[in-house]
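Presented below is the structure to which this report refers.
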Amino acid sequence: RLGDRAVVVGVDVGDELDVARTFATREGIAYPTFADPEFTFADAMAVSDLPHLMVVDHDGAVVHRSQKLDADTEAVIERLIAP
Numbered sequence: 014r015l016g017d018r019a020v021v022v023g024v025d026v027g028d029e030l031d032v033a034r035t036f037a038t039r040e041g042i043a044y045p046t047f048a049d050p051e052f053t054f055a056d057a058m059a060v061s062d063l064p065h066l067m068v069v070d071h072d073g074a075v076v077h078r079s080q081k082l083d084a085d086t087e088a089v090i091e092r093l094i095a096p
């Protein structure tokens with residue numbers, strides 16, 4: 014739905030790469046997914062709950078956090094990708 018106006022990337026926290034790949038394949042996840050088995054990324058980004066969704070703006074700043082794709086999150090994304 015977003016086309017080339019946004020990029021979605023998944024991070025599988027706490028799992029090794031082979032487990033992350035198996036999960037992504039089983040769930041039909043089509044966007045790039047990375048493994049973070051040691052919580053390095055999660056700790057650096059202050060992720061305190063899972064699932065965790067972050068919206069990052071064009072400057073690389075985290076502008077929104079949520080546990081799901083809800084109406085507030087969609088509104089933030091729409092604002093960021095508006096022409």
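Take 14 as the starting number for the sequence shown in the numbering used here and just add one per residue. For every residue, glycine included, the Cβ atom is placed at its ideal position computed from N, Cα and C.
Residue i versus the options, residue with shortest Cα-Cα distance
i, options, result
"Val25", "Arg39, Leu82, Leu15, Phe52", "In the sequence as presented, Val is not what sits at residue 25; that position holds Asp. Per the Cα distances, Phe52."
"Pro45", "Phe54, Leu63, Ser61, Val22", "Val22"
"Val50", "Asp28, Ala19, Asp62, Ala95", "The sequence as given places Pro at residue 50; Val does not occur at that position. Of the candidates Asp28, Ala19, Asp62, Ala95, the one whose C-alpha sits nearest the C-alpha of Pro50 is Asp28."
"Val20", "Leu30, Met58, Ala43, Asp31", "Ala43"
Own chain partners of residue i with C-beta closer than 8 Å, once the 5 adjacent residues on each side are dropped
i, result
"Phe47", "Val22, Gly23, Val24, Asp25, Ala33, Phe54"
"Pro64", "Gln80, Lys81"
"Ala37", "Gly23, Asp25, Thr46"
As assigned by DSSP and simplified to three states, the class of residue i
i, result
"Leu93", "helix"
"Asp83", "coil"
"Ala19", "coil"
"Asp31", "helix"
"Phe47", "strand"
"Asp72", "coil"
"Asp56", "helix"
Cβ-based neighbour list, residue i, same chain, cut-off 7 Å, excluding 5 preceding and 5 following
i, result
"Thr86", "Leu66, Val68, His77, Ser79"
"Arg18", "Ile94"
Cβ contact check for the segment 54-72 and the segment 84-92: 3 or more pairs under 8 Å: The segment 54-72 is in contact with the segment 84-92.
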